[in-house]
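Q: Handing you this structure, nothing more for now.
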Amino acid sequence: MRSSPHRSHGHGPRAPSRTAGRVERGSVNRPESPTIWDVSDERPVKAVITDWGGVLTSPLNDAIDVWLTAERIDVERYKDVMRAWVKQAYDGSDVNPIHGLEDGSLPVAEFEGLLAAELRTVEGDPVEAAGLIARMFGAFAPVHPMYDALRAVRAAGTRTALLSNSWGNDYPHDLFADLFDAVVISCEVGLRKPDARIFRHALDLLGLDAADCVFIDDIEHNVRAAEALGIRGVHHTAPDATITELRSLRVLP
Numbered sequence: 001m002r003s004s005p006h007r008s009h010g011h012g013p014r015a016p017s018r019t020a021g022r023v024e025r026g027s028v029n030r031p032e033s034p035t036i037w038d039v040s041d042e043r044p045v046k047a048v049i050t051d052w053g054g055v056l057t058s059p060l061n062d063a064i065d066v067w068l069t070a071e072r073i074d075v076e077r078y079k080d081v082m083r084a085w086v087k088q089a090y091d092g093s094d095v096n097p098i099h100g101l102e103d104g105s106l107p108v109a110e111f112e113g114l115l116a117a118e119l120r121t122v123e124g125d126p127v128e129a130a131g132l133i134a135r136m137f138g139a140f141a142p143v144h145p146m147y148d149a150l151r152a153v154r155a156a157g158t159r160t161a162l163l164s165n166s167w168g169n170d171y172p173h174d175l176f177a178d179l180f181d182a183v184v185i186s187c188e189v190g191l192r193k194p195d196a197r198i199f200r201h202a203l204d205l206l207g208l209d210a211a212d213c214v215f216i217d218d219i220e221h222n223v224r225a226a227e228a229l230g231i232r233g234v235h236h237t238a239p240d241a242t243i244t245e246l247r248s249l250r251v252l253p
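Now the structure itself:
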């Protein structure tokens with residue numbers, strides 16, 4: 001999921017320079033755990049593109065676990081619903097609520113109503129729909145080592161971009177102000193990862209070729225989609241591992 005609850009639909013970070021407008025609808029494999037590899041025959045990295053939720057924030061599952069416990073949600077029922085919805089959203093089948101939420105075609109309130117209708121507490125009581133997404137991700141916290149690494153990358157002259165699937169979230173504009181050269185939020189452009197068009201849109205904003213860039217995401221499916229376009233991919237599993245990967249790419253000292 002993209003962006004942790006950025007807490008209001010349609011409000012993404014404002015890039016200090018170039019931001020995404022709405023788009024008309026119309027690789028090299030890496031190991032799961034980042035490792036250092038020989039980059040002597042690869043083009044220098046000119047831009048680092050990163051996801052937000054689960055990369056620049058604490059893990060998604062950790063935040064959701066806090067919410068499940070606090071509201072006494074039936075965990076197995078929640079997992080069954082989300083497993084089915086996520087599978088549909090990523091396997092190319094019919095449009096579903098997650099797909100609609102992330103590309104902006106389904107309003108946040110409607111998504112919250114659909115999800116709440118599928119859930120129950122352990123006592124069998126209904127779950128309140130209003131504000132559901134904000135509550136789900138209320139325990140999100142910034143991962144400062146990743147922010148520091150991106151600032152160092154940018155200070156060294158490498159461009160940076162955010163590419164995030166939005167869950168109607170209110171992104172932390174204050175943290176993004178000095179961080180990104182371009183920002184692409186899925187609900188603002190009508191596209192979502194892993195659609196190749198949203199990656200190309202980010203490349204267009206940066207003015208760079210795929211081979212000039214590296215993409216970081218905690219969802220491996222999205223990383224593979226980027227790699228299929230020729231973007232170098234980093235599957236984020238932990239801050240230290242990703243920072244080591246960035247050093248191996250020579251964008252960090």
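For reference, each letter of the sequence shown is one residue, going 1 to 253 in full-length UniProt numbering.
Even glycine gets a Cβ: it sits at the ideal position worked out from N, Cα and C.
Treat the numbers as computed from the prediction; the structure is a model and nothing was measured.
Across the stretch 58-66 and the stretch 145-162, are there enough close Cβ pairs to call them in contact, namely three or more that are closer than 8 Å?
A: With a cut-off of 8 Å, the stretch 145-162 and the stretch 58-66 do not count as touching, because too few Cβ pairs lie within range.
Q: Restricting to Cα atoms, I'd like to know which of 197, 118, 103 is closest to residue 73.
A: The residue with the shortest Cα to Cα distance from residue 73 is 118.
Q: On the three-state DSSP scale, how would you describe residue 215?
A: In this structure, residue 215 counts as strand in the three-state DSSP scheme.
Q: Is the Cβ-Cβ distance between residue 103 and residue 187 less than 8 Å?
A: The answer is yes: Cβ separation under 8 Å.
Q: Just to confirm the assignment: which complete alpha helix (DSSP H) runs, minimum length 4, are found wholly within the stretch 142-218?
A: Runs found: 144-155, 173-176, 186-189, 196-206.
Q: Below 8 Å, can you find three or more Cβ-Cβ pairs linking the stretch 156-170 to the stretch 180-196?
A: They touch, by the three-pair rule.
Q: Flag this pair as yes or no: are the beta carbons of residue 208 and residue 46 separated by less than 8 Å?
A: Closer than 8 Å, so yes.
Q: Which residue wins for smallest C-alpha separation from residue 109, given the options 128, 82, 122, 174?
A: The residue with the shortest Cα to Cα distance from residue 109 is 128.
Q: Output yes or no for whether 8 Å exceeds the beta carbon distance between residue 161 and residue 202.
A: Taking 8 Å as the Cβ cut-off, residue 161 and residue 202 qualify as a contacting pair.
Q: Three-state secondary structure (DSSP) at residue 83?
A: Helix at residue 83.
Q: Going by other Cβ atoms of all chains shown within 10 Å of its Cβ, with 16 needed for buried, is residue 54 buried or exposed?
A: It counts as buried.
Q: Mapping the DSSP letters down to three states, classify residue 108 as helix, strand or coil.
A: Of the three classes helix, strand and coil, the one that applies to residue 108 here is helix, per DSSP.
Q: Does the beta-carbon distance from residue 292 to residue 199 come in below 8 Å?
A: This structure leaves residue 292 out entirely; the chain is present only between 1 and 253.
Q: Report all residues from its chain with a CB closer than 6 Å to the CB of residue 193; omit the five preceding and five following residues, and keep chain order.
A: Contacts found: 165, 222.
Q: Put residue 242 into one of helix, strand or coil per three-state DSSP.
A: DSSP places residue 242 in helix when its eight states are reduced to three.
Q: What's the C-alpha gap between residue 143 and residue 175?
A: So the alpha carbons of these two residues sit roughly 11 Å apart.
Q: Does the Cβ of residue 242 have 16 or more other Cβ atoms within 10 Å, making it buried, or fewer, making it exposed?
A: Buried, by the Cβ-count rule.
Q: Tell me where the beta strand (DSSP E) around residue 231 begins and ends.
A: Residue 231 -> no beta strand (DSSP E), and no H or E assigned at all.
Q: By the three-class DSSP mapping on this structure, what secondary structure does residue 139 have?
A: Three-state DSSP puts residue 139 in coil, outside helix and strand.
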